[in-house]
Amino acid sequence: MTFWLTLSLASRCSKENGREKLKHVLTLTLALAFLAFSGAPASADPGGQSDLAQVRRATAKYHNVDRAIAAGYSPASPCIDGMGYHYLNRGLDGTTASAPNVLLYAPKGNGKLKLVGVEYVVFSEDPLMVAPTLFGQTFYGPMTHGPVPQHFELHVWIWLGNPDGVFEQENDKVTCP
Ligand SMILES: [Cu+2]
Numbered sequence: 019m020t021f022w023l024t025l026s027l028a029s030r031c032s033k034e035n036g037r038e039k040l041k042h043v044l045t046l047t048l049a050l051a052f053l054a055f056s057g058a059p060a061s062a063d064p065g066g067q068s069d070l071a072q073v074r075r076a077t078a079k080y081h082n083v084d085r086a087i088a089a090g091y092s093p094a095s096p097c098i099d100g101m102g103y104h105y106l107n108r109g110l111d112g113t114t115a116s117a118p119n120v121l122l123y124a125p126k127g128n129g130k131l132k133l134v135g136v137e138y139v140v141f142s143e144d145p146l147m148v149a150p151t152l153f154g155q156t157f158y159g160p161m162t163h164g165p166v167p168q169h170f171e172l173h174v175w176i177w178l179g180n181p182d183g184v185f186e187q188e189n190d191k192v193t194c195p
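What follows is the structure in structure tokens.
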């Protein structure tokens, strides 16, 4: 959007001179400053569906768990009913939509794994930390469970429909042997 504004202004300015040009440059500077302070314009996609499509594109290759392992994900939990196996990539911080740091796999009957969703886990020992957000959703937490340090988490069931909702913590369709 900023890029478009800049282009449009440049083409107008080239036809004008001196004072008018300065006026437009000032207007643009103010507009950009406003955008910078107000953050991104209100989302036209509050449910984040286009963002979810982006996550699907980014993680489709991980249907093959060997590719996930090659990319730095490794087993980080036993199979948990409602979630499956968590594969964590410690090189990612869970704050980027297109780069989830956890992949969720459910066991298939043949002993293989089926990619069912992703999870974003943001670790923080800061008791005052405000829960992060992605896709317009606020992460759950802060929480600890077992040996897992304090964190916020958001599950996103993009590869196996969750009747309770795509952002619910657990998916009842995921069961362990
Ligand atoms: Cu989980």
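In this text, residue positions in the sequence shown follow the working numbering: the first is 19, and each later residue adds one.
Here a beta-carbon is modelled for each residue, glycine too, at the ideal position from N, C-alpha and C.
Requested in this report: Please report how far the alpha carbon of aspartate 182 lies from the alpha carbon of asparagine 189, in whole angstroms.
Outcome: Against the sequence shown, residue 182 aligns to sequence position 164. Against the sequence shown, residue 189 aligns to sequence position 171. Rounded to whole angstroms, the gap between the alpha carbons of aspartate 182 and asparagine 189 is 7 Å.
Query raised in the report: If you run the structure through DSSP and keep just helix, strand and coil, what is lysine 132?
Result: Working through the sequence shown from its first residue, we reach residue 132 at position 114. In the three-state scheme derived from DSSP, where H, G and I count as helix and E and B as strand, lysine 132 is classed as strand.
Report task. Evaluate leucine 106 with the Cβ neighbour count: other Cβ atoms within 10 Å of its Cβ, from every protein chain shown; 16 or more gives buried, anything less gives exposed. Result -> One-based indexing of the sequence shown puts residue 106 at position 88. Looking at its Cβ environment, which holds 16 or more other Cβ atoms inside 10 Å, leucine 106 is buried.
Report task. Could you tell me if the beta carbon of histidine 104 falls within a distance shorter than 7 Å of some heavy atom in ligand 1? Result -> Your numbering for residue 104 matches position 86 in the sequence shown. Checking every heavy atom of ligand 1 against the Cβ of histidine 104, one is found closer than 7 Å.
Query raised in the report: Among Ser95, Val166, Ala117, Ala124, which one has its Cα closest to the Cα of lysine 191?
Result: Working through the sequence shown from its first residue, we reach residue 191 at position 173. The residue from Ser95, Val166, Ala117, Ala124 with its alpha-carbon nearest to that of lysine 191 is Ala124.
Query raised in the report: Should histidine 163 be labelled buried (16 or more other beta-carbon atoms within 10 Å of its own) or exposed?
Result: As a first step, residue 163 must be located in the sequence shown, where it is residue number 145. Answer is exposed; the Cβ neighbour count stays below 16.
Query - DSSP beta-bridge partners of isoleucine 98 - result: Translated into positions along the sequence shown, residue 98 becomes position 80. Gly102, per the DSSP bridge assignment.
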